[in-house]
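Please read the structure below before turning to the comments.
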Amino acid sequence: MDGNANKFGDFSAQQALGQWLHLVTINTVARTELYLNSSLFGNANYVSPNTNNFVIGKGGYTLDGLIDDVRIYDRALSTAEVQALYNMGQ
């Protein structure tokens, strides 16, 4: 995570072939957080306010995999809510 909304994170070492990952990103005007399997994986404050559109797999950051159960909320989730969502999928 670089604080400029350009690269969110590299978690390829955390990935086991054939297993799903539970990813949650929480974005506000000034900050972003990434949760991997319910644990905080990384966070960054934006150098300037984030006005970029939210995208999944754009440009050189495409996904070679599957995506299931995408949810977009109109508010930031709490850590407890992220944990509850992860537990629902277990």
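Taking this note's numbering, the leading residue of the sequence shown gets 254, the next gets one more, and so forth. The beta-carbon is built from N, C-alpha and C at its ideal position, and this holds for glycine as well. As the structure is a prediction and not an experimental result, all values here were calculated from the model.
To the nearest angstrom, how far is it from the Cα of I320 to the Cα of N298?
-> 27 Å
Please report how far the alpha carbon of N340 lies from the alpha carbon of V308, in whole angstroms.
-> 26 Å
Outcome for I279 when other beta-carbon atoms lying within 10 angstroms are tallied against a minimum of 16 = buried
Length of the line joining the Cα atoms of T304 and G295 = 20 Å
Look at the alpha carbon of H275 and the alpha carbon of K311, and state the distance between them as a whole number of angstroms.
-> 20 Å
Give the straight-line distance between the Cα atoms of G342 and P302, rounded to the nearest whole angstrom.
-> 33 Å
Taking only the alpha-carbon atoms, compute the straight-line gap between T315 and Q268 and give it to the nearest angstrom.
-> 16 Å
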